[in-house]
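Protein chains in written order, with this note's numbering: chain A, 45 to 392; chain Z, 16 to 281.
Idealized CB from N, CA, C, for every residue including glycine.
Encoded as structure tokens, the structure appears first; notes follow it.
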Amino acid sequence: MRRRKKLILVLSLLGVSLIASLFLASAFGAVSISLPDILRMALNKVAVFDFPSTWRAAEETIIFQIRLPRVIGGALVGMALATAGVLFQGLLRNPMADPYIIGTSAGAALGATIAMLLPINLAFLGFGLVPVAAFCGALATVFLVYNLARVGGKTPIISMLLAGVVVSSLMAAIMALLISISDRLQLNLHSVYSFLLGHISVTGWEQIAVIAPLVIGGIIVARFFAFHLNALSLGEEGAAYLGVEVERDKILILALGSLLTAAAVSISGLVGFVGLVVPHAVRLSFGPDHRFLLPASALGGGAFVIIADLLARTIMAPIEIPVGIITAIIGAPFFLYLLRRTRKEYAF
Amino acid sequence: MVGLQFRQVYFSYLDGLVLHNIDLSIKAGEMVGLLGPNGSGKTTLLKLASGILKPAQGEIKLDGSSISQLSRKSIARNVAVVPQQFHIPFAFTTGEVVMLGRTPFLRALAEESEADRRVVNDALELVGIRELAQRRFDELSGGERQKVILAMALAQQPKLLLLDEPTVHLDIAHQMEILELVRGLNTGRGLTVIAAMHDLNLASLYFDRLILLKEGRVWADGTPAQVLTEAQISEVFSASVRVEQHPLTGVPHIVVMPKGSAIKRQ
Chain A
45 MRRRKKLILV LSLLGVSLIA SLFLASAFGA VSISLPDILR MALNKVAVFD FPSTWRAAEE
105 TIIFQIRLPR VIGGALVGMA LATAGVLFQG LLRNPMADPY IIGTSAGAAL GATIAMLLPI
165 NLAFLGFGLV PVAAFCGALA TVFLVYNLAR VGGKTPIISM LLAGVVVSSL MAAIMALLIS
225 ISDRLQLNLH SVYSFLLGHI SVTGWEQIAV IAPLVIGGII VARFFAFHLN ALSLGEEGAA
285 YLGVEVERDK ILILALGSLL TAAAVSISGL VGFVGLVVPH AVRLSFGPDH RFLLPASALG
345 GGAFVIIADL LARTIMAPIE IPVGIITAII GAPFFLYLLR RTRKEYAF
Chain Z
16 MVGLQFRQVY FSYLDGLVLH NIDLSIKAGE MVGLLGPNGS GKTTLLKLAS GILKPAQGEI
76 KLDGSSISQL SRKSIARNVA VVPQQFHIPF AFTTGEVVML GRTPFLRALA EESEADRRVV
136 NDALELVGIR ELAQRRFDEL SGGERQKVIL AMALAQQPKL LLLDEPTVHL DIAHQMEILE
196 LVRGLNTGRG LTVIAAMHDL NLASLYFDRL ILLKEGRVWA DGTPAQVLTE AQISEVFSAS
256 VRVEQHPLTG VPHIVVMPKG SAIKRQ
């Protein structure tokens, strides 16, 4: 019971730090706006509060029309990727299964690129075919990599990484091919480029209105699988002995992970390593129980991407570097560290 | 109390027939050992009994109802399985692993109840690993891990316990400890036990009924004295043995007869 109270406390602290990083990240940018002002602005939106305005109207516009959608977009990307990471890692019993590393993100990106290429304009709330195509690409890739990596009822780390790398490279090559032969994409080369490197491209609330329900809904549904993911640590057969309908769960969990990845990719392109670093840090500190791991990773992932995006926007201002570069600079060494630490497991 | 019936069961993997016309009836409260050489179908028979493989023909009945009609969850509330080993890639504690045994009883978003915790504590107590509860599973020795898996299976509160060569990677002391425990659960609580066994002498000592399999067929079925005869062992295992009597219990005791090289060394 004491442990449970402690875990609830940790979740609350993570929630508070997510909200704190939302405000912190909103304060910085081309125009600095003081934190108390942002707080008062935000509270004024809640009916009972009415603080006198100590800020310019333009500042309010910057906060509500530009910064907050972007920062919330970053939070959603981080929450989705971290949750997808937990789902893939739990299902594949493989702590390296990050959506970026196993190729899901590349699949989503290829799907998205193909959709951008098509001369179809089904724009709906700021989205067109892109998220749908991203989801199909993610789902197709995850099933492809999974089946390629599977050896005798297991998905060993080494074959998973190899299949993921090879499929990702193939997807990237097809993308590069499409870009080089398509005038339509070359005209938008800069946005294609920042898509590939990972860039939170949220320009208004319309995108948030579509992505937020997907991500939040996905995270809530994921929580329903917590016990089954714990049981799946014993492997598919072991989980079946404990009453898990493994084939059904497998399809649902892969689809859910792909949906979350696709939701993230559709507003941020390829942001790597979030789904790897965050769940790992949570597991190392608080153990692998998915009932705690899922919500804690979602909250931590949100805060991680908000801060990474804040760095991306500010450290070389006025140049904005893609957020994917920041997460890779933090994440890649961490990944190598894990690979060294667990090298016994993939000895071959 | 749950009995198990196999009625004319056939099963084959993609590469050939593995079980051929299996007709068996195991009554509630029995303690049955499955014997046979590698590839004779012991593991397959256990997987059919746990419902994770479906027979190609025939029917398997668990407590009177056809196992193919039952959901995984309702099977898991009655049948628990202890495989040869489990590898767990994440750092669960022993207590958490044993709690996994409650999975078929837990609702998706609910927390485990006081009753679930009591069942887990009882299982840890029964297997004698209470003091390991806070230790990490992946840091335990092979024998300790096997006890944890047994405790997890017991946390399912099964009526039928299936064990697939549960002692094959263990030293002699741990082998006996596990078998004593299982035997105690069988006599003390009426738990029905079916175990695939490698060691004929341990099987002879701890089981009332032995089923000898050869190439996917039941070759012999009866008491250790009926099954473990020199003729049947040499026929099924193609090994030359002499059967004597265990000095303490009188059950068959198999002595392996060496060929040339080992005799010369004397």
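Item checked: Residues near residue 342 of chain A in its chain [Cβ-Cβ closer than 7 Å; skip 5 each side] -> 123, 126, 127 and 263
Checklist line | Assumed close pair residue 186 of chain A, residue 55 of chain A - CB separation to whole angstroms, cut-off 8 Å | finding: No, residue 186 of chain A and residue 55 of chain A are not in contact; Cβ-Cβ is about 28 Å, not under 8 Å.
Notebook entry, point to check: Name the chain Z residues that come within less than 9 Å of residue 139 of chain A, Cβ to Cβ?
Noted result: 104 and 105
Checklist line | Limits of the unbroken alpha helix (DSSP H) element including residue 160 of chain A | finding: 148-161
Notebook entry, point to check: Is the Cβ of residue 287 of chain A closer than 7 Å to any Cβ of chain Z?
Noted result: For residue 287 of chain A, at least one C-beta of chain Z is nearer than 7 Å to its own C-beta.
Next item on the list: May I ask you to list, following chain order, the residues of the stretch 108-134 of chain Z that have a beta carbon less than 8 Å from some beta carbon of chain A?
Entry: 108, 111, 115, 116, 118, 119, 121, 123, 124 and 126
Check: Who are the neighbours of residue 132 of chain A on chain Z, taking C-beta pairs under 8 Å?
Finding: Under the 8 Å cutoff, chain Z gives no residues; its nearest Cβ is about 13 Å from residue 132 of chain A.
Check: Should the stretch 276-292 of chain A be regarded as contacting the stretch 97-117 of chain Z, the criterion being three or more beta carbon pairs within less than 8 Å?
Finding: With a cut-off of 8 Å, the stretch 97-117 of chain Z and the stretch 276-292 of chain A count as touching, because enough Cβ pairs lie within range.
Check: Hey, would you say residue 152 of chain A sits closer than 7 Å to residue 119 of chain A, going by beta carbons?
Finding: no
Notebook entry, point to check: Interface residues of chain Z around residue 266 of chain A at Cβ under 8 Å?
Noted result: Correct list: empty, because the minimum Cβ distance to chain Z is about 11 Å.
Next item on the list: Out of Z:36, Z:230 and Z:147, point me to the one whose CA is closest to residue 74 of chain Z's CA.
Entry: Z:36
Check: Along chain A, in chain order, which residues have C-beta atoms closer than 7 Å to that of residue 2 of chain Z?
Finding: Residue 2 of chain Z falls outside the range modelled here, since chain Z spans only 16 to 281, and no answer is possible.
Check: Which whole runs of the beta strand (DSSP E) in the stretch 201-261 of chain Z are 3 residues long or more, in chain order?
Finding: Qualifying beta strand (DSSP E) stretches, in chain order: 207-211, 224-229, 232-237 and 256-260.
Next item on the list: Could you work out which residues of chain Z lie near residue 333 of chain A, taking near to mean beta carbons separated by less than 8 Å?
Entry: Residues of chain Z passing the Cβ test: 107 and 111.
Note to self: Counting only Cβ pairs nearer than 8 Å, list the residues of chain C close to residue 281 of chain A.
What the structure shows: Considering every chain present, this structure includes no chain C. Its protein chains are A and Z.
Checklist line | Under 7 Å between C-beta atoms of residue 96 of chain Z and residue 177 of chain Z | finding: Going by C-beta atoms, residue 96 of chain Z is nearer than 7 Å to residue 177 of chain Z.
Notebook entry, point to check: Could one say the Cβ of residue 391 of chain A lies closer than 7 Å to chain Z's Cβ atoms, at least one of them?
Noted result: Residue placement at residue 391 of chain A is poorly supported in this model, since its pLDDT is 35, which falls under 50; the coordinates are not used for a value here.
Item checked: In chain order, each beta strand (DSSP E) run of at least 3 residues that lies wholly inside the stretch 57-81 of chain Z -> 72-77
Next item on the list: Give the DSSP-derived three-state secondary structure of residue 20 of chain Z in the structure shown.
Entry: strand
Checklist line | chain A within 7 Å of residue 152 of chain Z, Cβ atoms only | finding: no
Check: In whole angstroms, what separates the C-alpha of residue 195 of chain A from that of residue 160 of chain Z?
Finding: 25 Å
Notebook entry, point to check: When you check each C-beta in the stretch 72-93 of chain Z against every C-beta of chain A, which residues fall closer than 9 Å?
Noted result: 86, 87, 88, 89, 90, 91 and 92
Margin query: Strictly below 7 Å CB to CB, what residues from chain Z border residue 274 of chain A?
Written below: 115
Next item on the list: Please classify residue 181 of chain Z: is it buried, with 16 or more other beta-carbons within 10 angstroms of its beta-carbon, or exposed?
Entry: buried
Margin query: Are the CB atoms of residue 211 of chain Z and residue 57 of chain Z within a distance shorter than 7 Å?
Written below: yes
Next item on the list: Please classify residue 260 of chain Z: is it buried, with 16 or more other beta-carbons within 10 angstroms of its beta-carbon, or exposed?
Entry: exposed
Margin query: Report the CB separation of residue 95 of chain A from residue 354 of chain A in whole angstroms; it is logged as a contact under 8 Å.
Written below: With a Cβ gap of about 25 Å, residue 95 of chain A and residue 354 of chain A do not count as contacting.
Notebook entry, point to check: Is the shortest distance between the beta-carbon of residue 278 of chain A and the beta-carbons of chain Z less than 7 Å?
Noted result: yes
Margin query: So for residue 46 of chain Z, helix, strand or coil by DSSP?
Written below: strand
Margin query: Which residues does DSSP list as the beta-bridge partners of residue 267 of chain Z?
Written below: Z:260
Note to self: Within 8 Å, do at least three Cβ pairs link the stretch 297-316 of chain A to the stretch 368-375 of chain A?
What the structure shows: With a cut-off of 8 Å, the stretch 297-316 of chain A and the stretch 368-375 of chain A count as touching, because enough Cβ pairs lie within range.
Checklist line | From A:242, A:277, A:358 and A:248, residue whose alpha carbon lies closest to that of residue 318 of chain A | finding: A:242
Item checked: Coarse secondary structure for residue 87 of chain Z, derived from DSSP in three states -> helix
Next item on the list: Sort out for me which residues DSSP pairs residue 182 of chain Z with in a bridge.
Entry: Residue 182 of chain Z is not bridged to any residue.
Next item on the list: Over the uninterrupted beta strand (DSSP E) stretch that includes residue 33 of chain Z, give me the two end residues.
Entry: 31-41
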